[in-house]
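Student: Take this structure first; my questions come after.
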Amino acid sequence: MTAAVLGVMGGSGVYDLPGLEDVREERVASPWGEPSDALRIGRIGDTQVVFLARHGRGHRLSPSGINYRANIDALKRAGVTDLVALSACGSFREELPPGLFVLVDQFVDRTHGRASSFFGDGCVAHVSLAHPVGPGLQARIANAARAEDIAVHRGGTYVCMEGPQFSSLAESRAYKAQGFDVIGMTNMPEAKLAREAEITYATIAMVTDYDCWHPGHDAVDVASVIAVARANADKAARLVSRLARDFPAEREPCPAGSHRALDGAIMTAPSVRDPALLAKLDAVAGRVLNG
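This is the structure in structure tokens:
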């Protein structure tokens, strides 16, 4: 069996993880480039936890400037099996107010120009993203929230925009009309890459605002996001701490298939695979390429 290692991706307002003990920092050399920051590796209870600030400490990186492939590759090299993504977001629903945590289960990708796969010419692969969130991991997050008396809403669709500008009113109304629940700028291609790396993924979408569709609230701006994000960060730390303390010692099979996402996914014949690309895939796809 594989030991469970819990990864935590810190989003806007979450640049560290209080409660992490025996911490060491490790800068991972990834063939995909430079990760956002050093990994902070430690323990909460008996669970090994790896924390990475998605935007870098001090929020150096814009959503479009994040090297998502390097981040996921670095976490994979650190042994991460399950990844919790903490993400500030806007809400399209009156009943999902600022301060609420939404455990989304679907994504719609409206980004453009971001590298969204580890695979390509020389080693083509197609993984299923029908169910991008691990239901078992999401259930554990919900249980941890209940134990900490933190309000969460289970289910919903996260639409990922390119940014860095916030939505126009027309865009916000269109997203709402399409039935999307929350909006952010970072969970794609992050969730896609986690699936390719066979890391089980779940998002805690931390609502900070109503975007700009709501006639009774001001349009989102940085000041309002930061104010709510700070309060959300404290709750997120409690939630992650409880999740880690109750986490299983061994990796559990994912009903969505994330733990074996690459089974049968690679289409390129071994005889024509690109050695240079294969070398970069050593961590992400080593289980199937070297098996």
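Numbering (my numbering), first residue to last: 31 to 321.
Just so you know, even glycine gets a beta-carbon here, dropped at the ideal spot from N, CA and C.
Please state whether the Cβ-Cβ distance between L269 and A175 is less than 7 Å.
Tutor: Your numbering for residue 269 matches position 239 in the sequence shown. Your numbering for residue 175 matches position 145 in the sequence shown. Yes, the Cβ-Cβ distance between L269 and A175 is below 7 Å.
Student: What do you reckon, are the CB atoms on V212 and A235 nearer than 7 Å?
Tutor: Within the sequence shown, residue 212 is the residue found at index 182, counting from 1. Within the sequence shown, residue 235 is the residue found at index 205, counting from 1. Result yes, Cβ atoms of V212 and A235 sit closer than 7 Å.
Student: So is S92 buried or exposed if we call it buried at 16+ other beta carbons inside 10 Å?
Tutor: For the purposes of this step, residue 92 is taken as residue 62 along the sequence shown, with counting starting at 1. That one is exposed.
Student: For R70 and G88, what's the separation of their Cα atoms in angstroms?
Tutor: As a working mapping, residue 70 is identified with position 40 in the sequence shown. As a working mapping, residue 88 is identified with position 58 in the sequence shown. Whole-angstrom Cα-Cα distance: 15 Å.
Student: Decide if the stretch 124-137 is in contact with the stretch 148-157; the criterion is three or more beta carbon pairs, one per stretch, under 8 Å apart.
Tutor: No: fewer than three Cβ pairs fall under 8 Å.
Student: Report the rounded CA-to-CA distance for P61 versus A313, giving the unit in angstroms.
Tutor: By one-based count along the sequence shown, residue 61 stands at place 31. By one-based count along the sequence shown, residue 313 stands at place 283. Computed Cα separation, rounded: 10 Å.
Student: Below 8 Å CB to CB, which residues in the same chain sit around L126 once its five sequence neighbours on both sides are set aside?
Tutor: As a working mapping, residue 126 is identified with position 96 in the sequence shown. These residues qualify, in order along the chain: V132, H183, G186, D211, V212 and V237.
Student: Can you check DSSP and say which residues form a bridge with A33?
Tutor: Counting from 1 along the sequence shown, the entry for residue 33 is found at position 3. DSSP, once it has assigned bridges, lists E280 as partnering A33.
Student: Do R54 and S66 have their CB atoms nearer than 7 Å?
Tutor: As a working mapping, residue 54 is identified with position 24 in the sequence shown. As a working mapping, residue 66 is identified with position 36 in the sequence shown. For R54 and S66, no; Cβs fall outside 7 Å.
Student: Quick check on D76: does DSSP put it in helix, strand or coil?
Tutor: Against the sequence shown, residue 76 aligns to sequence position 46. The answer is coil: DSSP assigns D76 none of H, G, I, E or B.
Student: Which residue wins for smallest C-alpha separation from K265, given the options A204, R225 and I180?
Tutor: To locate residue 265, count along the sequence shown from 1; it is residue 235. Per the Cα distances, I180.
Student: Would you tell me roughly how many angstroms separate the C-alpha atoms of L292 and R140, rounded to the nearest one?
Tutor: As a first step, residue 292 is located in the sequence shown; it is residue number 262 there, counting from the start. As a first step, residue 140 is located in the sequence shown; it is residue number 110 there, counting from the start. Taking the straight line joining both Cα atoms gives about 25 Å.
Student: Is G49 closer than 7 Å to I74 when the C-beta atoms are compared?
Tutor: Start at 1 with the first residue of the sequence shown, and residue 74 comes out as number 44. Start at 1 with the first residue of the sequence shown, and residue 49 comes out as number 19. Closer than 7 Å, so yes.
Student: For V189, which three-state DSSP category applies?
Tutor: Taking the first residue of the sequence shown as 1, we reach residue 189 at position 159. In this structure, V189 counts as strand in the three-state DSSP scheme.
Student: Do the CB positions of I171 and A232 come within less than 7 Å of each other?
Tutor: Position 141 of the sequence shown, counted from the first residue, corresponds to residue 171. Position 202 of the sequence shown, counted from the first residue, corresponds to residue 232. Result yes, Cβ atoms of I171 and A232 sit closer than 7 Å.
Student: Applying the 10 Å Cβ sphere with the 16-neighbour rule, what's the burial state of V44?
Tutor: Taking the first residue of the sequence shown as position 1, residue 44 is located at position 14. Buried, by the Cβ-count rule.
Student: With a Cβ-Cβ cutoff of 7 Å, do A34 and R281 count as a contact?
Tutor: In the sequence shown, the residue the question calls residue 34 occupies position 4. In the sequence shown, the residue the question calls residue 281 occupies position 251. Yes, these two residues count as a Cβ contact at 7 Å.
Student: I'd like the list of long-range same chain contacts for G193, defined as Cβ closer than 8 Å, with 5 residues on each side in sequence excluded.
Tutor: The sequence position of residue 193 within the sequence shown is 163, counting from 1. Hits under 8 Å: S92, P93, S94 and M215.
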